[in-house]
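**Q** Under this note's numbering, the first residue of the sequence shown is numbered 8, with each subsequent residue one higher.
Each residue gets a CB set at the ideal place from its N, CA and C atoms; glycine is no exception.
Sharing a structure below in structure tokens format, with a few things to ask.
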Amino acid sequence: MAHPNRLHNARVLVFGGTSGIGYGVASMALSNGSIVTISGSAQPKVDAKVQELQSLYPSASVHGIPLDLSDTAHLEANLKALFEKVTNGGEQKLDHIVHCAGDALSLPKLHEVTPENALPGFHVRWLAAVLIGKLLVTGAYMHAAPSSSFTITGGTNTAKPMAGWSIGASWGGASEGLMRGLAVDLKPIRVNLVAPGSIDTPLFQKFVDNVGREKEQEIKKGYSLLQTWGDVKDTAEAYGWFMRDWYVTGTIASSDGGRLLV
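Take a look at the structure:
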């Protein structure tokens with residue numbers, strides 16, 4: 008029996024699909040014949056990235072819907088409206104959801120932590136995933152089967168935090184706990200988490216710009232076994248594994264160049 012392409016004609020929704028890893032996941036899915044919807048915070052960027060992906064895959068089906076995940080006051084209603092639109096009122100249920108969205112990191116120093124500056128980091132990365140899970144448990148928007156998956160995103164700083172990352176590491180720790188809980192509560196839908204290391208994305212380039220190129224080379228050599236930054240095309244394959252393997256759930260995939268072994 009020929010090995011199946013399990014992403015062909017699969018309906019995939021990518022939050023944070025207009026940039027970085029999310030854009031790489033959307034491109035990977037489209038290259039396998041998926042029907043993809045990307046979501047980002049701003050309409051102009053969503054439109055531009057849909058057009059860009061369409062130029063890369065002229066025969067593909069790719070759409071975009073803007074949604075600001077940082078608008079917590081209206082987050083649940085806005086997510087429900089997006090799901091209604093993407094699934095045509097539940098008539099065309101999703102097969103896979105990927106949550107890669109993240110806002111600009113603002114890490115307060117430990118001696119400067121307050122409730123006001125510590126909690127916002129949970130909004131886009133953690134709270135949005137919680138409410139996505141709430142919508143999925145209704146059964147209205149995703150096939151309730153092991154062929155369906157919800158993949159969220161953490162990071163290696165949860166397991167190996169750098170100095171000054173007490174608050175940032177806790178964001179990832181919350182996401183890991185949420186992933187395991189959702190894997191139980193949403194079964195048979197599979198829920199997993201990808202923990203990227205330092206991946207060369209526009210957000211990461213802001214860090215590089217701050218430290219300078221010379222310091223970047225020094226950090227790169229000591230950061231991972233592979234002594235280089237990751238590429239979104241590589242990390243996208245970790246999300247692809249979680250979509251394709253219908254027997255993996257409650258699991259973390261690290262795409263980090265061996266950082267945890269350094």
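(1) Enumerated in chain order, which unbroken segments of the alpha helix (DSSP H) with a length of 4 residues or greater are wholly contained in the stretch 44-81?
(2) Do the stretch 197-204 and the stretch 157-166 touch if we need at least three Cβ pairs shorter than 8 Å?
(3) When the Cα atoms are used, what is the spatial distance from V69 to P122?
(4) I need the DSSP call for T101, collapsed to helix, strand or coil.
(5) Going straight from the alpha carbon of R251 to that of Y30, what length do you get?
(6) Where P168 and E98 are concerned, what is the direct C-alpha to C-alpha distance, given to the nearest angstrom?
(7) Indicate whether F67 and L60 have their beta-carbon atoms separated by less than 9 Å.
(8) Alpha carbon to alpha carbon, how far is M8 from P153?
(9) Per DSSP, what kind of secondary structure is V304 in: helix, strand or coil?
(10) Closer than 7 Å by C-beta to V137: which residues in its own chain qualify, once you throw out the five before and the five after it? Chain order, please.
(11) Nearest-angstrom Cα distance between I42 and H118?
(12) Could you spell out where the beta strand (DSSP E) holding S261 opens and where it closes?
(13) Where does M250 sit, in a helix, a strand or coil, going by DSSP?
(14) Pick helix, strand or coil for N199, following the three-state DSSP scheme.
(15) Please report the residue range of the beta strand (DSSP E) in which L20 lies.
(16) Just verifying my parser: in three-state terms, what is the DSSP assignment at S156?
(17) Within 10 angstroms of the Cβ of R220, are there 16 or more other Cβ atoms? Answer buried if so, exposed if not.
(18) List the whole-angstrom C-beta distance separating F157 from L143, where the pair is believed to meet the contact cut-off of C-beta under 8 Å.
(19) Let me make sure I understand the geometry here. Which of T25, Q58, R197 has the alpha-carbon closest to that of P209?
(20) The alpha helix (DSSP H) spanning Q224 covers which residue range?
(21) For V272 and N39, what's the separation of their Cα atoms in angstroms?
(22) Starting from the C-beta of A125, find all residues in its chain whose C-beta is less than 6 Å away, skip the five residues before and the five after it, and write them out in chain order.
(23) With DSSP as the reference, label G271 as helix, strand or coil.
(24) Quick check on V239: buried or exposed, where buried means 16 or more other Cβ atoms within 10 Å of its Cβ?
(25) Check this for me: beta carbons of I104 and G71, under 9 Å apart or not?
(26) Measuring alpha carbon to alpha carbon, tell me which of F129, G96, L232 ends up nearest D110.
(27) Return the bridge partner residues of H130 from the DSSP annotation.
(28) Is G96 closer than 9 Å to P73 when the C-beta atoms are compared?
**A** So, to answer that:
(1) 50-63
(2) yes
(3) 40 Å
(4) It should be pointed out that residue 101 corresponds to Leu in this sequence rather than to Thr. Here L101 sits in strand by DSSP.
(5) 18 Å
(6) 44 Å
(7) The amino acid at residue 67 is misidentified as Phe; the sequence shows Ala. Yes, the Cβ-Cβ distance between A67 and L60 is below 9 Å.
(8) 21 Å
(9) Absent from the model: residue 304. The displayed extent of the chain is 8 to 269, so no value can be given.
(10) L185
(11) 47 Å
(12) 259-262
(13) helix
(14) strand
(15) 18-22
(16) strand
(17) exposed
(18) 6 Å
(19) T25
(20) 220-230
(21) Lying outside 8 to 269, the shown extent of the chain, residue 272 is not represented and no answer is given.
(22) I174
(23) This structure gives no information on residue 271, because the portion of the chain shown stretches from 8 to 269.
(24) buried
(25) no
(26) F129
(27) Beta-bridge pairing links H130 to no other residue.
(28) no
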